[in-house]
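Protein chains in written order, with this note's numbering: chain A, 32 to 382; chain B, 32 to 382.
Presented below is the structure to which this report refers.
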DNA sequence: GTGAAAGCGCTAACAT
DNA sequence: ATGTTAGCGCTTTCAC
């Protein structure tokens with residue numbers, strides 16, 4: 032069927048199909064949209080013309096006129112392409128949205144730069160995406176208020192939004208960091224260091240909070256437990272680790288506040304030859320972590336759950352759910368593998 | 032400025048802005064598109080109205096009418112969300128396209144399922160994306176011929192397309208696998224096993240080809256070097272490794288034909304306690320590979336280069352480049368870390 | 001400098 | 001069961 036049509040290089044429109052099959056525009060539209068009440072004969076003729084011309088409907092035009100105005104596309108803003116957690120959430124959203132729903136995703140990352148957030152969101156809104164899943168990075172998301180009134184649903188992920196009242200899905204950063212800390216405290220550590228990402232990142236601040244909470248619950252003075260923030264790269268984390276361990280009264284245990292930070296700590300501990308004498312619990316799982324020696328104990332997040340639940344909330348809103356927006360806390364899981372179970376070295380009992 | 036406007040929840044259009052500022056539709060259009068020949072006074076009035084109404088242009092409508100018909104969006108089809116190489120290419124494309132170009136990416140993955148390829152491409156074409164970067168997964172891409180005539184540029188990545196003549200950017204799979212194999216041969220190994228992904232995947236087949244080529248160049252009979260294909264998961268690769276090493280006359284060295292395959296091999300070697308007596312070179316780098324013991328020697332691909340070059344080719348075509356389509360081979364790099372430099376164990380010299 | 005009319009490709013609402 | 005008319009939100013063309 033459908034011999035190659037050379038001639039015109041212009042993309043065929045519905046009008047061309049109508050002309051070729053000798054019916055009206057509307058009838059072609061009916062066939063394309065599989066509406067009933069079209070005779071089998073006409074369906075055949077139109078289908079043949081579509082095949083012959085290689086006609087493909089233009090979704091832009093359709094969505095422009097169609098009531099409801101859906102474009103079957105959602106926008107996604109993740110924090111950073113270098114963060115494995117963000118990448119995993121991105122994939123989870125794409126999978127959840129593409130499978131069965133026939134909706135596409137326009138994704139973008141702002142690399143933790145607050146000023147890119149609004150710029151990127153504007154770009155998505157000009158494309159009239161049906162909804163938005165975004166990682167709040169700027170101090171306020173109030174700029175989205177009117178958009179919400181116009182009917183575009185928004186779901187925040189990984190961090191609590193400010194200035195708008197929308198659904199939010201995030202890991203329990205505080206509880207996770209507290210669990211990591213308590214895990215070390217339970218093994219006798221009393222000089223524990225916390226190494227965190229940029230203090231301006233809400234999730235990083237929450238994890239520090241969890242760390243301090245756990246110390247407080249045990250009555251451990253936080254003065255003996257150094258907190259270093261603003262470590263936004265593996266290298267920075269490695270340097271900070273070396274500095275801490277070479278300093279006076281070095282910590283016997285470390286909580287790595289983020290994926291890349293933990294890798295930096297691992298690198299530094301190995302360079303110093305201290306990986307078997309300094310306990311380590313990392314926030315966020317790492318690939319191959321189980322094969323290291325010692326294997327790395329981590330507090331694993333559940334990026335698949337975060338992505339999937341965010342998509343579910345968004346589509347519930349699109350389908351009319353008008354209940355009060357809420358926050359879903361996705362639990363974390365502590366996975367003991369060795370590095371977090373290292374004891375306090377002899378003679379360094381109570382810092 | 033811009034007091035909150037309550038009342039109507041309908042999204043404002045250019046018409047609303049025109050009415051509020053007391054000018055014609057066309058004049059608003061001029062202001063929005065920063066066309067010259069508009070008096071400063073009118074610009075101010077229109078801008079105020081835009082602010083007050085929270086007007087945002089509709090890119091769909093614009094692109095529909097505008098000559099050139101660009102939607103400032105490209106489509107990307109990657110092989111699989113579980114493949115780190117594909118994920119890295121995806122990120123590279125997104126970064127290259129978003130920065131400075133103000134173009135968005137609609138990405139999708141077909142999880143190596145040939146039938147999803149065409150379905151996904153159709154979805155992208157209905158959205159009238161400006162161009163397509165895709166990983167060929169089905170036996171032929173001839174279905175794209177007419178689309179190319181209509182002016183949509185296409186760039187293939189990771190695998191050579193069939194049935195269409197378009198630009199292609201891929202790693203030098205054959206040379207990379209040959210280098211991995213030669214690395215082991217040079218250290219005396221003569222019983223080397225190759226474990227590969229699905230034989231239907233072109234890149235997997237190319238790597239097997241490179242393996243066999245390297246054996247041939249040294250005059251090593253391929254009969255003594257087992258090739259196991261169709262290992263599409265870490266678990267399958269681990270099982271195959273165990274089987275090989277428990278069998279008669281086990282290999283002294285292994286080439287892991289793909290990321291996840293290599294991880295499976297690592298797992299199996301450790302379970303068998305053979306990680307220090309069986310040499311291993313993996314295709315594709317792995318995070319933390321340097322921290323394992325022994326650290327894993329790999330042939331690293333350059334996903335950033337693949338993504339970036341594909342984007343460059345695509346935009347060159349969009350800007351009118353009509354030269355003959357060509358293929359860019361991105362070189363791979365062998366990174367010796369330990370596992371690939373293990374010697375042949377005593378007494379197992381010449382298999 | 002500004003505006004009115006036509007139309008991008010399609011669907012809604014109403015014919016018949 | 002099929003066609004006609006209007007119009008989605010915008011830009012083009014051409015007039016003033």
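Backbone N, C-alpha and C fix where the C-beta goes; we use that ideal spot for every residue, glycine too.
Just so you know, these numbers come straight off a predicted model, no measurement behind them.
**Study point:** Cβ shell of residue 253/B (< 8 angstroms), same chain only, five flanking positions each side left out
**Key:** 243, 246, 247
Review point. Taking C-beta to C-beta, are residue 224/A and residue 256/A nearer than 8 angstroms?
Key: yes
Exercise for review: Determine, using beta carbons only, whether residue 293/B comes closer than 8 angstroms to chain A.
Suggested key: no
Exercise for review: Output, in sequence order along the chain, the residues in the region 83-108 of chain A whose CB is closer than 8 angstroms to any CB in chain B.
Suggested key: 85, 87, 88, 89, 90, 91, 92, 94, 95, 102, 104
Check your understanding: Would residue 38/A count as contacting chain B if we go by Cβ distances under 8 angstroms?
Key -> With a pLDDT of 49 at residue 38/A, under the threshold of 50, the predicted position of this residue should be treated as unreliable, though the coordinate-derived value follows. For residue 38/A, the answer is no, since every Cβ of chain B falls outside 8 angstroms of its Cβ.
Point to revise | Length at least 3, wholly inside the region 58-99 of chain B: the beta strand (DSSP E) runs in chain order | key: none
Check your understanding: Per DSSP, residue 202/A is paired with what?
Key -> 361/A
Practice item. Please list the partners that residue 318/B has in chain A, where partner means a Cβ-to-Cβ separation under 9 angstroms. Key: 115, 294, 317, 318, 319
**Study point:** Secondary structure of residue 317/B, DSSP reduced to three states
**Key:** coil
Review point. DSSP state of residue 242/A, grouped into three classes?
Key: helix
Check your understanding: Considering residue 187/A, what are the terminal residues of the beta strand (DSSP E) in which it resides?
Key -> 185-188
Review point. From 279/A, 231/A, 290/A, pick the residue whose C-alpha is nearest to that of residue 261/A; which is it?
Key: 231/A
Exercise for review: On a CA-only basis, which of 294/B, 108/B, 228/B is nearest residue 263/B? Give me that one, please.
Suggested key: 228/B
Point to revise | Enclosing alpha helix (DSSP H) for residue 195/B [first to last residue] | key: From DSSP, residue 195/B is part of no alpha helix (DSSP H); its letter is neither H nor E.
Point to revise | As assigned by DSSP and simplified to three states, the class of residue 342/B | key: helix
**Study point:** 8 angstroms Cβ cutoff, residue 135/A in contact with chain B
**Key:** yes
Check your understanding: Using a Cβ-Cβ cut-off of 8 angstroms (strictly less than) and excluding sequence neighbours within five positions of residue 170/A, which residues of its own chain qualify?
Key -> Excluding sequence neighbours, residue 170/A sits near 145, 193.
Point to revise | Same chain, Cβ closer than 8 angstroms to residue 129/B, five either side skipped, listed in chain order | key: 135, 136
Point to revise | Member of 314/B, 270/B, 326/B whose CA lies at the smallest distance from the CA of residue 303/B | key: 270/B
Review point. Is there contact between the region 76-85 of chain A and the region 43-50 of chain A, where contact requires at least three CB pairs shorter than 8 angstroms?
Key: yes
Exercise for review: Classify residue 305/B as helix, strand or coil using the three-state DSSP reduction.
Suggested key: In the structure shown, residue 305/B sits in coil (DSSP, three-state: anything other than H, G, I, E or B).
Review point. With distances taken between CB atoms, is the gap from residue 189/B to residue 105/B smaller than 8 angstroms?
Key: no
Point to revise | Interface residues of chain B facing residue 138/A [CB-CB closer than 8 angstroms] | key: Close to residue 138/A, with beta-carbon spacing below 8 angstroms, are these residues of chain B in chain order: 125, 136, 138.
Review point. Quick one: is residue 351/B buried, meaning 16 or more other Cβ sit within 10 Å of its Cβ, or exposed?
Key: exposed
Exercise for review: Report all residues from its chain with a CB closer than 6 angstroms to the CB of residue 348/A; omit the five preceding and five following residues, and keep chain order.
Suggested key: 184
Exercise for review: Taking C-beta pairs closer than 7 angstroms, name the residues in chain A that residue 324/B reaches, listed in chain order.
Suggested key: Ordered by position in chain A, the residues that pass the 7 angstroms Cβ test against residue 324/B are 324.
Point to revise | Neighbour flag for residue 154/A against chain B, beta carbons, 8 angstroms | key: yes
Review point. With 8 angstroms set as the bound, which would you pick, yes or no: does the beta-carbon of residue 177/B sit closer than that to a beta-carbon of chain A?
Key: yes
Check your understanding: With a cut-off of 8 angstroms, does the C-beta of residue 32/B fall near any C-beta of chain A?
Key -> Per-residue confidence for residue 32/B stands at a pLDDT of 43, beneath the threshold of 50, marking its modelled position as unreliable; no derived number is given.
Practice item. Decide if residue 125/B is buried, meaning its Cβ has at least 16 other Cβ atoms within 10 Å, or exposed. Key: buried
Check your understanding: If you follow the alpha helix (DSSP H) that residue 230/B is part of, which residue opens it and which one closes it?
Key -> Residue 230/B -> no alpha helix (DSSP H), and no H or E assigned at all.
Check your understanding: When you compare only the Cα positions, how much space is there between residue 238/B and residue 306/A?
Key -> 37 angstroms
**Study point:** Interface partners of residue 181/B on chain A, CB under 7 angstroms
**Key:** The contacting residues are 40, 42.
Review point. Using the beta-carbon of each residue, which ones in chain A are nearer than 8 angstroms to residue 112/B?
Key: 122, 125, 126
Exercise for review: With DSSP as the reference, label residue 162/B as helix, strand or coil.
Suggested key: strand
Check your understanding: Residues of chain B with a CB under 7 angstroms from the CB of residue 222/A: which are they?
Key -> Per Cβ cutoff of 7 angstroms: no residues; residue 222/A is ~25 angstroms from chain B at best.
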